[in-house]
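In the working numbering, the protein residues as written are 727 to 984.
This is the structure:
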C-alpha cells in the first residue's frame, strides 16, 4: 500500500471503494481513529466502552475493539471481527460480553446503520442519572431534537442479548439513546457520524449540566429546534464534523493506521 502523507489534512469527501477489501480497510481506519479520539477525550473507563462497525461484505458481522486493550493504543490491525452469534471470526482477542450483547442487537434491529458507539464518558453517564433527554438549549443539542430516547430500566451490566434487544427497541429509529444510570449510545450510517454523535452528545450533556447548575436554561422553540436539526443533525453533517478530528488524530498518531 502506498505511503500516506499524514502531515496535511485531507479535504472531506465520501470515498469510492474499488473493492470490499478497500472499503473494509477504510472502515477499520476510521474505527481505530475513533477509538484514539475517545481515548484522548477521556471516554475510556477501565475496560468499559465499545464502538462497532458493520462489515461491508458480511452484514451479520461487525468490527469492534479487543476486550482489555486501551482506546489509546488501538490500531486498525488490532480490531476483531465478531458475528451475531458472538464468535470471533477474525482476531486473537476476546470480545467484551456487553459489547456483543448490546451491539449485536442494535445492528440486527437497524440494518440502516453502519456503526454504534457506547462508552462510560463522565458527562454522559452523569446526565443519564436524570432519566431524561437532552433539551434543545444549544445549537449543538438541537442535532438530537426529536431524535433521541431514554432506556429507563437499569438492571446491571448488560450480559444478555435480551437486554441488548430491549435497548435496541428503546432506541428505535433514532440516533441517540440515553441509558439511565449507565451512559450514552449513538448510531450512524458511518463510523464518522456515529463517533461524532457520541462526542457532541457527551459535550451537550456537559453544557446542560453546567447550565442547570447556574439557573433555568432557556429552551429553543420546537420549530427552530427542528430547523436547526435539519442543518446540524444530518448524517452528512455528522460525518463532516468528525473529519477535522480524524485528520488531526491521524497526523498526531499515524501508527493507528497500521
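Every residue, glycine too, gets a C-beta built ideally from N, C-alpha and C.
Problem - Given residue 816 as reference, the closest of 833, 834 and 805 once Cα atoms are compared - result: Taking the first residue of the chain shown as 1, we reach residue 816 at position 90. For residue 816, the closest C-alpha among the options 833, 834 and 805 is that of 805.
Practice task
Return helix, strand or coil for residue 789, following the three-state DSSP convention.
Solution key: The residue labelled residue 789 in the question sits at position 63 within the chain shown. Residue state, collapsed to three classes: strand.
Exercise for the section: Closer than 6 angstroms by C-beta to residue 946: which residues in its own chain qualify, once you throw out the five before and the five after it? Chain order, please. Expected result: Within the chain shown, residue 946 is the residue found at index 220, counting from 1. Contacts found: 862.
Practice task
Specify the secondary structure class of residue 740 as computed by DSSP and reduced to three states.
Solution key: In the chain shown, residue 740 corresponds to position 14, counting from 1. If DSSP states are grouped into helix, strand and coil, residue 740 belongs with coil.
Problem - Neighbour-count burial assignment, residue 831, 16 or more Cβ in a 10 Å radius - result: Taking the first residue of the chain shown as 1, we reach residue 831 at position 105. Per the 10 Å Cβ criterion, buried.
Handout entry: Beta-carbon proximity check, residue 920 vs residue 825, cutoff 8 angstroms
Key = If you number the chain shown from 1, residue 920 lands on position 194. If you number the chain shown from 1, residue 825 lands on position 99. For residue 920 and residue 825, no; Cβs fall outside 8 angstroms.
Exercise for the section: Could you tell me whether the region 853–868 touches the region 931–938, using the rule of 3 or more Cβ pairs below 8 angstroms? Expected result: yes
Exercise for the section: Please find out if some non-hydrogen atom of the ligand PLP comes closer than 7 angstroms to the beta-carbon of residue 958. Expected result: This structure does not include the ligand PLP; it has no bound ligands of any sort.
Handout entry: Touch test, the region 792–809 against the region 862–871, Cβ-Cβ under 8 angstroms, three pairs minimum
Key = no
Handout entry: Minimum length 4: unbroken alpha helix (DSSP H) runs contained in the region 777–861
Key = 823–835 and 848–854
Problem - Assigned secondary structure, residue 877 (DSSP; H/G/I helix, E/B strand, else coil) - result: Taking the first residue of the chain shown as 1, we reach residue 877 at position 151. It is a strand residue.
Exercise for the section: For the region 912–926 and the region 876–890, state whether three or more C-beta atom pairs, one from each stretch, are separated by less than 8 angstroms. Expected result: no
Problem - residue 767 versus residue 743: straight-line alpha-carbon distance, rounded - result: For the purposes of this step, residue 767 is taken as the residue at position 41 of the chain shown. For the purposes of this step, residue 743 is taken as the residue at position 17 of the chain shown. Approximately 30 angstroms between the Cα atoms of the pair.
Problem - Sub-8 angstroms separation of residue 797 and residue 821 beta-carbons - result: Translated into positions along the chain shown, residue 797 becomes position 71. Translated into positions along the chain shown, residue 821 becomes position 95. Against a cut-off of 8 angstroms, the Cβ pair of residue 821 and residue 797 comes out as no contact.
Practice task
Please name the residue in 745, 897 and 860 whose C-alpha comes closest to that of residue 938.
Solution key: Against the chain shown, residue 938 aligns to sequence position 212. Ranking 745, 897 and 860 by Cα distance to residue 938 puts 860 first.
Handout entry: Per-residue burial, residue 967 [other beta carbons within 10 Å of its own, 16 or more giving buried]
Key = Mapped onto the chain shown, residue 967 falls at position 241. Buried, by the Cβ-count rule.
Exercise for the section: Could you pull out every residue in the same chain whose Cβ sits closer than 6 angstroms to the Cβ of residue 894, ignoring the five residues on either side in sequence? Expected result: Start at 1 with the first residue of the chain shown, and residue 894 comes out as number 168. Around residue 894: 831, 832 and 835.
Handout entry: For residue 909 and residue 889, the rounded distance between their alpha carbons
Key = Indexing the chain shown from 1 puts residue 889 at position 163. Indexing the chain shown from 1 puts residue 909 at position 183. Whole-angstrom Cα-Cα distance: 15 angstroms.
Exercise for the section: Can you tell me which of the three DSSP states residue 883 falls into? Expected result: One-based indexing of the chain shown puts residue 883 at position 157. Correct three-state label for residue 883: coil.
Handout entry: Whole-number beta carbon distance between residue 847 and residue 918, since they are thought to touch under 8 angstroms
Key = The residue you call residue 918 lines up with position 192 of the chain shown. The residue you call residue 847 lines up with position 121 of the chain shown. 18 angstroms between Cβ atoms; not a contact.
Handout entry: Distance, residue 812 Cα to residue 984 Cα
Key = For this step, residue 984 is matched to residue 258 along the chain shown. For this step, residue 812 is matched to residue 86 along the chain shown. CA-CA distance, residue 984 to residue 812, rounds to 26 angstroms.
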